[in-house]
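J.:
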Amino acid sequence: MSLPLLLSLIAEPLTGLADTAFIARLGAVPLAAVGVGTTALTSMFWIFNFLSVGTQTEIAAASGAGDTKRMNRIASMALMMSLGIGLAVAGITLPLAPAVVSLMGADHTLHDAAVSYFRIRLIGAPAILITFAAFGILRGLQDMKTQFRIAVSINIINIILDPLLIFGPGPFPAMGVSGAALASAAAQWAGAVWAVLTIRSDIGFSQKINLSDGIRLVRIGRDLFIRTGMLTAFLMLTTRTATLIGPDAGAAHQALRQFWLFTALFLDAYAVAGQSIIAFFTGMGQAAHIRRAAKIVCIWSVVIGTVLMLIMIAGQGFVAYLLVPEAALAVFGPAWLVTALFQPLNALAFGTDGIHWGTGDFQYLRNAMILASLTGIAGLWLLAPHTGHALTRVWIITGVWIGLRAFFGIIRIWPGVGRSLLSSQEANR
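What follows is the structure in structure tokens.
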């Protein structure tokens, strides 16, 4: 299960990395503008990740219980909700784009380009949320190969369209930052249509929608909304702080942020596979199997995190050449090293998130994220943007935030705090 999922999770953030690599050739200001637009966009969509996480857990648990009718109803409800939310987000946010970009700290040199990128990417808002829900359904069904094929296809389309629309060879217009946004939106819609057609073929859609299924997803979404809201607020503030430091720091932070998201999703492969397995055993009521799966997820996450740390340290020069404008290299290096050193903890944080998603322990994850993010936000608030090594300090604060998340995730399992399916007391009952 993990191998195709691992490849698909690596493929997903390549949309952002491809945009970064192409836009970097235009200079530091366009790259920083894409960083502002991308951060604002992903921050909004991550708030609705319950469409993926909650749907995956519910589908997998229903599969473990052998309730095929419930799987059908949940899948239909999740896709309908994702379409409605996506259309609402796009309609409400389009006229507010200048204000959103300004809140991200973009000055007059970045503002117009960031607004253009952000608005065009909003065309793909419904497609992104539909893909969230569809991937959750496929993961809950333990169908990781289809997700892999869709994710790779999205990125192939994006990589083909990027140079055509950004630089305008031949008959194509040179659209710059706007071209990168249009390429991404088109690729997202192609992937969403494919995913919906696959689900219709595999399990079909229910004509009788049960509102209780929607209420259940909303209740899961309540805790995930707060949790993800705190997570995205912290990440938005890191980008805002980096942008306030200056265009060079903003460009370097964009490269760091995109690569960090790339490695984070890479590490999350075992966690997401573990989520489906753990939720399946939760539906069956197999506590011993739940704890064994949790142990495997944690061990392999740390192993892969350590390997990635070593690869990042060795590959700093190559990544800098590929993603970072020359003017931003001086601030990039120290911050990159800090990011690399925190990779094992980053792996554990994401791994334990997947474990607790599988058991449906959403309230605990919400509370843990609130504590970790408030600590990180306080650190960013106290940081003076114009002090020496300011960008490096931003990533040290990010490392502390990661470490707190990993700590809270582990103590819920070993030795076990509170009433959880993973605590030793509950497992012995």
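So the sequence shown is residues 851 to 1279, counted in my numbering.
Backbone N, C-alpha and C fix where the C-beta goes; we use that ideal spot for every residue, glycine too.
1) What does the alpha-carbon distance come out to for the pair R989 and R1050?
2) Could you name the residues of the same chain whose beta carbon sits closer than 6 Å to that of K995, not counting the 5 residues immediately before and after it, in chain order?
3) Going straight from the alpha carbon of G1155 to that of K1058, what length do you get?
4) If you pair each beta-carbon of the region 931 to 948 with each one of the region 962 to 977, do three or more pairs fall below 8 Å?
5) Report the option in R1072, G1238, L1271, L1224 whose CA atom is closest to the CA atom of G1133.
6) Taking the Cβ atom as the reference point for each residue, do L881 and A1119 lie within a distance shorter than 8 Å?
7) Less than 8 Å between the C-beta atoms of G885 and T1189, yes or no?
8) Using CA coordinates, which residue listed in G887, G1167, G1253, V1267 is at the minimum distance from A949?
9) Taking the beta carbon of S1062 as the centre, do at least 16 other beta carbons fall within 10 Å, making it buried, or is it exposed?
10) To the nearest angstrom, report how far apart R1142 and I873 are at their CA atoms.
11) Give me the residue from T1078, V965, I897 with the minimum Cα distance to L1221.
12) Contact between the region 1204 to 1218 and the region 895 to 915 is defined here as three or more beta-carbon pairs at a separation below 8 Å; is this criterion met?
13) If we count the other Cβ atoms within 10 Å of its Cβ and call it buried at 16 or more, is F1212 buried or exposed?
14) With C-beta atoms as the reference, is I987 less than 8 Å away from A868?
15) Return the first residue and the last residue of the alpha helix (DSSP H) that D1203 is part of.
16) Under a three-way DSSP split, which group does A868 fall into?
17) Using CA coordinates, which residue listed in G1266, Q997, I1252, L1173 is at the minimum distance from L1047?
18) Here's a check: name, in chain order, each residue in its chain whose Cβ is nearer than 6 Å to the Cβ of Q1275, leaving out the five neighbours to either side.
19) Tell me which residue opens and which closes the alpha helix (DSSP H) that I1004 is part of.
20) Unbroken alpha helix (DSSP H) runs of length 4 or more, entirely within the region 875 to 934: which are they?
21) For a quick check, are the C-beta atoms of F1168 and A1105 less than 8 Å apart?
22) Which residue comes first and which comes last in the alpha helix (DSSP H) that contains R1107?
23) Would you identify the three-state DSSP class for T1237, choosing helix, strand or coil?
24) Please give me, in chain order, every unbroken run of the alpha helix (DSSP H) with length at least 4 that falls completely inside the region 1009 to 1096.
25) How long is the line joining the alpha carbons of I1128 and V1147, rounded to whole angstroms?
26) Which value, in whole angstroms, describes the spacing of the CA atoms of T1202 and A1024?
27) Using the beta-carbon count (16 or more within 10 Å), is H1103 buried or exposed?
28) Given this structure, state the Cα-to-Cα distance separating G1165 from A940, to the nearest angstrom.
29) Considering V951, what are the terminal residues of the alpha helix (DSSP H) in which it resides?
30) Smallest Cα separation from V951: which of A977, M894, I1006?
31) What's the gap between the Cα of I935 and the Cα of S926?
32) Just how far apart, CA to CA, sit I1007 and A1037?
33) Which same chain residues end up closer than 7 Å to R1279 when comparing Cβ atoms and leaving out the 5 residues on each side of it in sequence?
34) For W1110, which option in I1252, I1070, S1003, V1267 has the closest C-alpha, if you only look at C-alpha atoms?
35) Write down the C-beta distance between T1113 and A1185 rounded to the nearest angstrom, noting that I regard them as a contact closer than 8 Å.
T.: Looking at the coordinates:
1) Looking up residue 989 in the sequence shown gives position 139. Looking up residue 1050 in the sequence shown gives position 200. Rounded to the nearest angstrom, the two C-alpha atoms are 15 Å apart.
2) In the sequence shown, residue 995 corresponds to position 145, counting from 1. Cβ neighbours of K995 within its own chain (closer than 6 Å, five residues either side excluded): P854.
3) The residue labelled residue 1155 in the question sits at position 305 within the sequence shown. The residue labelled residue 1058 in the question sits at position 208 within the sequence shown. Rounded to whole angstroms, the separation of the alpha carbons of K1058 and G1155 is 45 Å.
4) Taking 8 Å as the limit for Cβ pairs, the verdict is that the region 962 to 977 does touch the region 931 to 948.
5) In the sequence shown, the residue the question calls residue 1133 occupies position 283. Of the candidates R1072, G1238, L1271, L1224, the one whose C-alpha sits nearest the C-alpha of G1133 is L1271.
6) Along the sequence shown, read from residue 1 onward, the residue named residue 881 stands at position 31. Along the sequence shown, read from residue 1 onward, the residue named residue 1119 stands at position 269. Here L881 is not near A1119, since their CB atoms are 8 Å or more apart.
7) Counting from 1 along the sequence shown, the entry for residue 885 is found at position 35. Counting from 1 along the sequence shown, the entry for residue 1189 is found at position 339. No, these two residues do not count as a Cβ contact at 8 Å.
8) The count along the sequence shown starts at 1 and reaches residue 949 at position 99. Among G887, G1167, G1253, V1267, the Cα nearest to that of A949 belongs to G887.
9) If you number the sequence shown from 1, residue 1062 lands on position 212. By the neighbour-count rule (16 or more Cβ atoms within 10 Å), S1062 is not buried but exposed.
10) Numbered from its first residue, the sequence shown carries residue 1142 at position 292. Numbered from its first residue, the sequence shown carries residue 873 at position 23. Here the alpha carbons of I873 and R1142 stand approximately 45 Å from one another.
11) Taking the sequence shown and counting its residues from 1, the one referred to as residue 1221 is at position 371. Relative to L1221, the option among T1078, V965, I897 whose CA is nearest is T1078.
12) Yes: the two stretches touch, three or more of their Cβ pairs being nearer than 8 Å.
13) Translated into the one-based positions of the sequence shown, residue 1212 becomes position 362. Classification for F1212: buried.
14) Position 137 of the sequence shown holds residue 987. Position 18 of the sequence shown holds residue 868. The answer is no: Cβ separation not under 8 Å.
15) What you label residue 1203 is simply residue 353 of the sequence shown in a count that begins at 1. First-last of the alpha helix (DSSP H) with D1203: 1193 to 1208.
16) In the sequence shown, residue 868 corresponds to position 18, counting from 1. A868 falls in the helix class under three-state DSSP.
17) Here residue 1047 refers to the residue found at position 197 of the sequence shown. Closest option to L1047, judged by alpha-carbon separation, among G1266, Q997, I1252, L1173: Q997.
18) Working through the sequence shown from its first residue, we reach residue 1275 at position 425. Caution applies to Q1275, whose pLDDT of 44 falls short of 50 and renders its modelled position unreliable; the model cannot decide the point.
19) For the purposes of this step, residue 1004 is taken as the residue at position 154 of the sequence shown. Note, I1004: alpha helix (DSSP H), 994 to 1017.
20) Entirely contained in the region 875 to 934, the alpha helix (DSSP H) runs reaching 4 residues are, in chain order, 878 to 896, 900 to 915.
21) Position 318 of the sequence shown, counting from 1, holds the residue named residue 1168. Position 255 of the sequence shown, counting from 1, holds the residue named residue 1105. Judged by their CB atoms, F1168 and A1105 are not nearer to each other than the 8 Å cut-off.
22) Within the sequence shown, numbered from 1, the residue matching residue 1107 stands at position 257. Boundaries of the alpha helix (DSSP H) harbouring R1107: 1097 to 1134, taken from the DSSP string.
23) The sequence position of residue 1237 within the sequence shown is 387, counting from 1. Per DSSP, reduced to three states, the secondary structure at T1237 is coil, with no helix or strand assignment.
24) List check, alpha helix (DSSP H) in window: 1027 to 1052, 1061 to 1095.
25) Counting from one through the sequence shown, the residue named residue 1128 turns up at place 278. Counting from one through the sequence shown, the residue named residue 1147 turns up at place 297. I1128 and V1147: Cα-Cα distance of roughly 10 Å.
26) Residue 1202 sits at position 352 when you count from the first residue of the sequence shown. Residue 1024 sits at position 174 when you count from the first residue of the sequence shown. CA-CA distance, T1202 to A1024, rounds to 45 Å.
27) Position 253 of the sequence shown, counted from the first residue, corresponds to residue 1103. Under this definition H1103 is a buried residue.
28) Within the sequence shown, the letter at position 315 stands for residue 1165. Within the sequence shown, the letter at position 90 stands for residue 940. Cα to Cα, G1165 sits roughly 38 Å from A940.
29) Position 101 of the sequence shown, counting from 1, holds the residue named residue 951. Counting along the chain, the alpha helix (DSSP H) containing V951 begins and ends at 947 to 953.
30) Position 101 of the sequence shown, counted from the start, is the residue given in the question as residue 951. Cα-wise, what sits closest to V951 is M894.
31) As a first step, residue 935 must be located in the sequence shown, where it is residue number 85. As a first step, residue 926 must be located in the sequence shown, where it is residue number 76. Rounded to the nearest angstrom, the gap between the Cα atoms of I935 and S926 is 14 Å.
32) Translated into the one-based positions of the sequence shown, residue 1007 becomes position 157. Translated into the one-based positions of the sequence shown, residue 1037 becomes position 187. Just so you know, the alpha carbons of I1007 and A1037 end up roughly 6 Å apart.
33) For the purposes of this step, residue 1279 is taken as residue 429 along the sequence shown, with counting starting at 1. Here the model assigns R1279 a pLDDT of 44, short of 50, so the residue's position is not dependable, and the following value carries that caveat. For R1279, where only same-chain residues beyond five positions count, there are no Cβ hits under 7 Å.
34) Here residue 1110 is taken as the residue at index 260 of the sequence shown, counted from 1. Nearest option by C-alpha distance: I1252.
35) Residue numbering aside, residue 1113 sits at position 263 when the sequence shown is read from its first letter. Residue numbering aside, residue 1185 sits at position 335 when the sequence shown is read from its first letter. Contact between T1113 and A1185 is ruled out by a C-beta separation of about 14 Å, above the 8 Å threshold.
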